[in-house]
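As they're listed, the protein sequences go chains A and B.
For what it's worth, the numbering used here labels the leading residue of the first sequence as 1, then goes sequentially.
For what it's worth, the numbering used here labels the leading residue of the second sequence as 106, then goes sequentially.
Below: one structure, written as structure tokens.
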Amino acid sequence: MAGKSKAIIINERDNVATALVPLEAGSLVSVEIQGRKEKIKLLSSIPVGHKFALQEVAQGGNVIKYGEPIGQTTAPVRRGEHVHIHNVVSHRGRKEVGDEFRGIP
Amino acid sequence: MNFEGYRRPKGKAGVRNHVLVIPSVVCSQGAAEAITRNVKGAVYLANVFGCAQVGEDREQTKRTLVGFGTNPNVFAILVVGNGCENLPAKEVAEAIAPSGKRVEFIEIQEVGGTKKTIAKGKRIIREMLADAAALHREPIPLSEMILATECGGSDYTSGLASNPALGAASDYLIEAGGTVILSETTELIGAEHLLARRARTPEIGKKVLDLIAWWEREAIATGQDIRGANPAPGNLAGGITTIEEKSLGCIYKGGTKTLEEVIPYGFPPTRKGLILMNTPGHDIDQLTGMMAGGAQIAVFTTGRGTPTGSPIAPVIKITGNGETYRKMKDNIDLNVNRILEGKESVKEAGKTVFNEMVAVASGKLTKAEKLGQRDFCIFKIGLNF
């Protein structure tokens, strides 16, 4: 599945990768995006198990992992940036968000 | 394919042969514990309910206690009451009796105090244990197995390694004709459409979506934010950002087969194959619900590590986090970290999990059993009065 790679992309639709080892800010990480080998320069340190962006995501855009949306960005996210609770929010099960975000009939 | 199990009077088969002492109410929990203390082969339930409950809650407590009594891992049952509770010991015992097993009940008020109750209870379970020892394991087809699946203390490895490995094992069991229960409905939020798509009928698919909508409404009705509980702080530290991300990793453990049925908390499945039981994400609430529904064995995946066990069933703990495995070797049975190292496929790891399940069903003890970890907690709906 992961080989010796330092990060894993689970689904080809994903716009984030998961670090399999701790990664340092400024380092270049090799990943395979839809069959193309690319190097991504990390803009922040990524703890093991945490995610970084494979491409720019506009504010309010979907973060995609497992091929599915896992939340929306609260700020513009750059390629190589740490993606976690400081810049991603979930709208599920929350009172201040309208039903239209939740798909409740 | 078979496992070596215990045949029960009405045809079901268990993987363990416990004598179970059930306190019908919290007031008799102390006596139930004392009756089983230092008695090999006897277990009790740490029930904290059974009185001052009405409606759905009273029914749920009764159904859960009765479900533990009728679970095929149990040989015989002693129900201990206090005497004035609104879930009387006699009512619980009478509901277990149709299973054809020996079931007795005693009440502290009637026997005349705790000491006499303990002495009488010990006499009864000694007889039951002698009979239990005379029963031997025999080959039972895997189609009679009901597997409870669970994940807790999840981190990034759960969705990448341990849950997919358990999913592969779930598929193998269903291919052998068995049954797999998926639960923790709140941890389907964000992945419900994927499960609904696999439902046997559109009505079952709609049930999945309706359940999720109900849980979200309940969360909102509390005026609180579900993020305060889920993902838990350990999930966040482990790299999981949102409930959707946790759920998408979580549903792998049920495998890839058709969703046959959606059942309420603590009810037995009426079909074979993949079943969804409606439970909270609370680890012990859901484990208890699945055991009440007749599951004989559980496989529990973890990233951060957890000690969970059941009073009446083996709980096999697996992790994809190599560091957690090294740190918590006394709790965790299997390490599937080789998936993340690229040294093993998910299917290969799934076969290992499946083989471990058959070995444990046939008598091999789990780490949680060796530690005597016997967690029990009933999903409570409303207020006590």
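Cβ coordinates follow ideal geometry from the N, Cα and C atoms, glycine included.
These figures come from a predicted structure and were not determined experimentally.
Which of helix, strand or coil does DSSP assign to residue i?
i, result
"I345/B", "coil"
"F459/B", "helix"
"Q401/B", "coil"
"N440/B", "strand"
"R112/B", "strand"
"R36/A", "strand"
"Q72/A", "strand"
"A266/B", "helix"
"V159/B", "coil"
"I104/A", "Low confidence applies here, because I104/A scores a pLDDT of 41, under 50, leaving its location unreliable and the question unanswered by this model."
"T407/B", "strand"
"H298/B", "helix"
"C256/B", "strand"
"V131/B", "helix"
"T166/B", "helix"
"F372/B", "coil"
"K145/B", "coil"
"T18/A", "strand"
"T222/B", "helix"
"F180/B", "strand"
Apply the 10 Å Cβ neighbour rule to residue i and answer buried if 16 or more other Cβ atoms are within range, or exposed otherwise.
i, result
"G3/A", "Because G3/A carries a pLDDT of 48, less than 50, the predicted location of this residue cannot be relied on, and the following value inherits that uncertainty. Per the 10 Å Cβ criterion, exposed."
"Q34/A", "exposed"
"E308/B", "exposed"
"P69/A", "buried"
"R409/B", "buried"
"N436/B", "buried"
"K65/A", "buried"
"Q134/B", "buried"
"G172/B", "buried"
"S267/B", "buried"
"Q329/B", "exposed"
"V21/A", "exposed"
"H241/B", "exposed"
"A239/B", "exposed"
"S352/B", "buried"
Nearest chain B C-beta to residue i closer than 8 Å, yes or no?
i, result
"K51/A", "yes"
"R102/A", "Its pLDDT being 48, under 50, R102/A is placed unreliably by the model, and the measurement read from it follows with that caveat. It does; some Cβ of chain B falls within 8 Å."
"G74/A", "According to the sequence provided, residue 74/A is Thr. The question's Gly does not apply to it. Not an interface residue."
"H84/A", "yes"
"V88/A", "yes"
"K65/A", "yes"
"G80/A", "no"
"L23/A", "no"
"G93/A", "yes"
"G61/A", "no"
"E32/A", "no"
"E68/A", "yes"
"L54/A", "no"
"L20/A", "yes"
So, does the CB of residue i fall closer than 8 Å to a CB anywhere in chain A?
i, result
"T384/B", "no"
"L316/B", "no"
"E321/B", "yes"
"A437/B", "Going by the sequence as given, residue 437/B is Ile instead of Ala. No, I437/B does not count as interfacial toward chain A."
"D480/B", "no"
"T141/B", "no"
"D260/B", "yes"
"T346/B", "yes"
"I309/B", "no"
"L364/B", "no"
"L150/B", "no"
Return the Cβ separation of residue i and residue j in integer angstroms, given the expectation that the two are a contact with Cβ distance under 8 Å.
i, j, result
"I345/B", "L300/B", "The Cβ separation is near 19 Å, so there is no contact."
"G80/A", "F52/A", "6 Å"
"V15/A", "Q55/A", "Reading the sequence as shown, one finds Asn at residue 15/A and not Val. With 8 Å as the limit, N15/A and Q55/A qualify as a contact, their Cβ atoms being about 5 Å apart."
"G414/B", "D480/B", "6 Å"
"T6/A", "L23/A", "The residue you asked about is not Thr; residue 6/A is Lys in the sequence shown. Contact flag correct, Cβ pair sits at about 6 Å."
"I201/B", "G174/B", "4 Å"
"G360/B", "A273/B", "7 Å"
"G354/B", "S263/B", "5 Å"
"G487/B", "E164/B", "Actually they are not in contact, since the Cβ atoms of G487/B and E164/B sit about 12 Å apart, beyond 8 Å."
"K358/B", "T457/B", "K358/B to T457/B, Cβ: 15 Å. No contact."
"R283/B", "M250/B", "First, the residue type needs correcting, since residue 283/B is Gly and not Arg in the sequence shown. Right, the Cβ-Cβ distance comes to about 4 Å (below 8 Å), so this counts as a contact."
Can a CB atom of chain C be found closer than 8 Å to the CB of residue i?
i, result
"T375/B", "In the structure shown, chain C does not exist; the protein chains are A and B."
*asked:* Whether or not the region 429-442 of chain B and the region 186-194 of chain B are in contact is what I'm after, with contact meaning three or more pairs of Cβ atoms, one per stretch, closer than 8 Å; do they touch?
replied: no
_I'd like to know if the region 388-397 of chain B and the region 440-460 of chain B are in contact, where contact means that at least 3 CB-CB pairs between them fall below 8 Å._
no
*Taking one C-beta from the region 145-156 of chain B and one from the region 206-225 of chain B each time, how about it: are there three or more such pairs within less than 8 Å?*
no
*Do the region 286-305 of chain B and the region 455-466 of chain B touch if we need at least three Cβ pairs shorter than 8 Å?*
no
*Is there contact here, the region 333-341 of chain B with the region 355-375 of chain B, by at least three beta-carbon pairs under 8 Å?*
no
*Indicate whether the contact test is met: 3 or more Cβ pairs, each with one atom in the region 314-330 of chain B and one in the region 281-298 of chain B, closer than 8 Å.*
yes
_For the structure I just gave you, are there three or more beta carbon pairs, one from the region 119-129 of chain B and one from the region 176-186 of chain B, closer than 8 Å?_
yes
_Touching by the beta-carbon criterion (3+ pairs, under 8 Å), the region 128-142 of chain B and the region 220-235 of chain B_ = yes
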